[in-house]
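*Asks:* Mind having a look at this structure? Questions to follow.
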Amino acid sequence: MATTTVTFSLRSSDLIPSQVLSMTTSKRLYKAGSALDGVNQMDMGRVEVPTDDYGGGAAKAYDLIDATALAVNKSNYIYIANLTTTESNYVVVSCKDHVIGRLYAGDFMWLPCNFDAATNDIDVQAFVGTATLEYAVFHEGKTLTETDA
Amino acid sequence: MATLTPTLTLSSTDATSDPLGFTVTDSLTVGAPTVSLSRVDVLHTGSGTEIITAAASNPHTYFYAKNIDSTNYIICRTAGGTEWGRLAPGEFMLMAVAATVGIEFLAVNATCEVEYAYWSKP
């Protein structure tokens, strides 16, 4: 098992000037149902998400993180950041073909996702312009794809 | 308008051969409606507890939540009931909630206390 820690903080001095916001929280990433056994697998990378289906027409949603049978009801901690610098460009994030979030330029998410079926992928769709996404998945299960013949 | 600075750090010395250590931060311009750090008892019956409604007039919302309960997990769903995540005891999330989607929590086994806050993108 690996020991992976996520720490998150929120700061603001002008949301409520008389009550400065300053909070930090931290958590180790564990396998589902465990408080001892850390998640031991990780995928991390960058992708470019086109708005024109690679020149083939209207924009589509693409699988960013593929939910597989071995990931069902297991821990899947997901980080997604939109590295695009053009403020008007955004990415819609979906699960089970339902929109759950939207990332504008520079924004990021940290989600403890649960795939309750192997088809519950995390999909992304870029709008306005091609988006560069950075992502990471810390998980404990994944069904590998058999090599092509 | 106000500025909110979220920072996420991921670290590990043994997840891979190369120690993991990266930090991402953002500077968010936020406005009303906002809800400062609050706590709510999330129900484990029915459809649970709705935190953000799915109203068509809702703005894009930055949403933070942490499961304070020491035993039970909560299910994270859209206000329409589509499950997409689970928060184990002590776990937290930062979400950029698309307008009209909403947030709903359902506790498993027993009522769970959850800390949350949200801010709107102007």
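Chains H and S supply the protein sequences, listed in that same order. Residue numbering for the first sequence follows numbering that gives the first Met the number 0, starting at 0 and increasing by one per position. Residue numbering for the second sequence follows numbering that gives the first Met the number 0, starting at 0 and increasing by one per position. The beta-carbon is built from N, C-alpha and C at its ideal position, and this holds for glycine as well.
Counting only Cβ pairs nearer than 9 Å, list the residues of chain H close to valine 20(S).
*Replies:* Looking at the sequence provided, one finds glycine at residue 20(S) rather than valine. Within chain H, no residue comes near glycine 20(S); the closest Cβ sits about 10 Å away, beyond 9 Å.
*Asks:* With H, G and I counted as helix, E and B as strand and the rest as coil, what does DSSP make of leucine 19(S)?
*Replies:* strand
*Asks:* Terminal residues of the continuous beta strand (DSSP E) containing phenylalanine 126(H)?
*Replies:* 121–126
*Asks:* Looking at chain S, is there any beta carbon in it that lies within less than 9 Å of the beta carbon of alanine 70(H)?
*Replies:* no
*Asks:* Quick one, which of Leu102(H), Asp96(H), Ile15(H), His97(H) has its alpha-carbon nearest leucine 93(S)'s?
*Replies:* Leu102(H)
*Asks:* Which two residues bound the contiguous beta strand (DSSP E) that contains glycine 84(S)?
*Replies:* 82–86
*Asks:* If we define contact as Cβ-Cβ less than 9 Å, is aspartate 147(H) a contact residue for chain S?
*Replies:* no
*Asks:* Starting from glutamine 40(H), trace the beta strand (DSSP E) both ways and give me its first and last residue.
*Replies:* 40–48
*Asks:* When you compare only the Cα positions, how much space is there between threonine 142(H) and methionine 0(H)?
*Replies:* 19 Å
*Asks:* Any contact between the stretch 76–84 of chain S and the stretch 44–54 of chain S? By contact I mean 3 or more CB pairs, one from each, below 8 Å.
*Replies:* yes
*Asks:* In whole angstroms, give me the CA-to-CA distance for glutamine 18(H) and threonine 67(H).
*Replies:* 45 Å
*Asks:* Let me make sure I understand the geometry here. Which of Thr50(H), Ile64(H), Asn75(H) has the alpha-carbon closest to that of alanine 31(H)?
*Replies:* Asn75(H)
*Asks:* Quick check on cysteine 111(S) - is its C-beta less than 9 Å from some C-beta in chain H?
*Replies:* no
*Asks:* State whether the stretch 121–138 of chain H contacts the stretch 44–55 of chain H, with contact taken as three or more CB pairs (one from each stretch) at a distance under 8 Å.
*Replies:* yes
*Asks:* List the residues of chain H whose Cβ lies closer than 7 Å to the Cβ of aspartate 158(S), in chain order.
*Replies:* In the structure displayed, chain S extends from 0 to 121; residue 158(S) sits before or after that span and is not available.
*Asks:* Classify leucine 105(S) as helix, strand or coil using the three-state DSSP reduction.
*Replies:* Here leucine 105(S) carries a strand assignment [DSSP, helix/strand/coil].
*Asks:* Does any residue of chain S bring its CB to less than 9 Å from the CB of lysine 59(H)?
*Replies:* Using beta-carbon distances, lysine 59(H) does not count as an interface residue toward chain S, since no partner is under 9 Å.
*Asks:* With distances taken Cα to Cα, identify the nearest neighbour of glutamate 114(S) among Thr33(S), Val41(S), Ala98(S), Leu9(S).
*Replies:* Val41(S)
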